[in-house]
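So in the working numbering, spot 110 of the sequence shown is number 113, and the numbers just go up one at a time.
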Amino acid sequence: MSYYPEPTYVMSYLFRRILIPIDGSAMSYKALEVGLDFASRYGSKIRVLIIEDSSIPDINEVKKRVTEISSRRGISIEIKTKKPNYPDTSVATAIVEELFEEHYDLVILTARGRTLNPDLVIGSVALSVLINSNTSIFLIR
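Next up, the structure:
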């Protein structure tokens, strides 16, 4: 096994575009921090995806917090909002649709977001994205 000093060109090539779905939960902001670390180390382009559904009370507050966190790290990100077409489209389906519409090298998401049941190891959105995605998933627990 060879040692590559930071930042490596191998890693830079593998993780050029990263998608981070944010639902406003504390765990989703941890996923953002991990993504910003990838961006600072490997020059990755970060797109934050906010799905507008009833579980997020104030979408502008979420955008503001995402912008604050990224600007504190000095990293420019793109924020995209998407509204699911209920009842045909769920939050997970909207994320998977984004993966098929755009090319991403990695998705960083949390195992649980706004799931109320603390006994669940992985939430339904994370599980659905994990099963149906066409790209690599970095799952934060």
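Cβ coordinates follow ideal geometry from the N, Cα and C atoms, glycine included.
I'd like the span of the alpha helix (DSSP H) that includes residue i, first residue to last.
i	result
T113	That residue, T113, is in no alpha helix (DSSP H); its beta strand (DSSP E) goes 109 to 113.
E100	94 to 104
K86	Taken as a continuous stretch (DSSP letters only), K86 belongs to no alpha helix (DSSP H), as it is neither H nor E.
V51	That residue, V51, is in no alpha helix (DSSP H); its beta strand (DSSP E) goes 48 to 54.
Taking residue i and residue j to be in contact with their CB atoms under 8 Å, please state how far apart those CB atoms are, rounded to whole angstroms.
i	j	result
D26	S58	7 Å
A95	S131	4 Å
Y45	S15	5 Å
G126	R115	4 Å
What is the rounded straight-line gap between the Cα of residue i and the Cα of residue j?
i	j	result
M4	K86	For M4, the pLDDT reaches just 45, beneath the cut-off of 50, and the residue's location in the model is therefore unreliable, although a value from the coordinates is still provided. Straight-line Cα distance between these residues: approximately 45 Å.
A34	L22	10 Å
L72	E36	First, the amino acid is wrong: residue 72 is Ile here, not Leu. Taking the straight line joining both Cα atoms gives about 8 Å.
A63	D56	Contrary to the premise, residue 63 reads as Asn rather than Ala in this sequence. Distance between the alpha carbons of N63 and D56 is about 13 Å.
R76	K67	14 Å
F41	A29	19 Å
L112	F18	15 Å
P60	V110	24 Å
I54	V124	22 Å
V65	T92	22 Å
G38	P24	11 Å
F141	S31	12 Å
Y89	A129	19 Å
Taking the continuous beta strand (DSSP E) assigned at residue i, which residues delimit it?
i	result
F41	First-last for F41: 29 to 45, but that is the alpha helix (DSSP H), not the beta strand (DSSP E).
I23	20 to 25
S79	From DSSP, S79 is part of no beta strand (DSSP E); its letter is neither H nor E.
I125	Segment: none, I125 is in no beta strand (DSSP E) and carries neither H nor E.
S139	139 to 143
Inter-stretch contact at 8 Å, needing at least 3 Cβ pairs: the region 41 to 59 / the region 80 to 97: yes
Evaluate the contact criterion for the region 99 to 107 versus the region 126 to 144: three or more CB pairs, one atom per stretch, below 8 Å. yes
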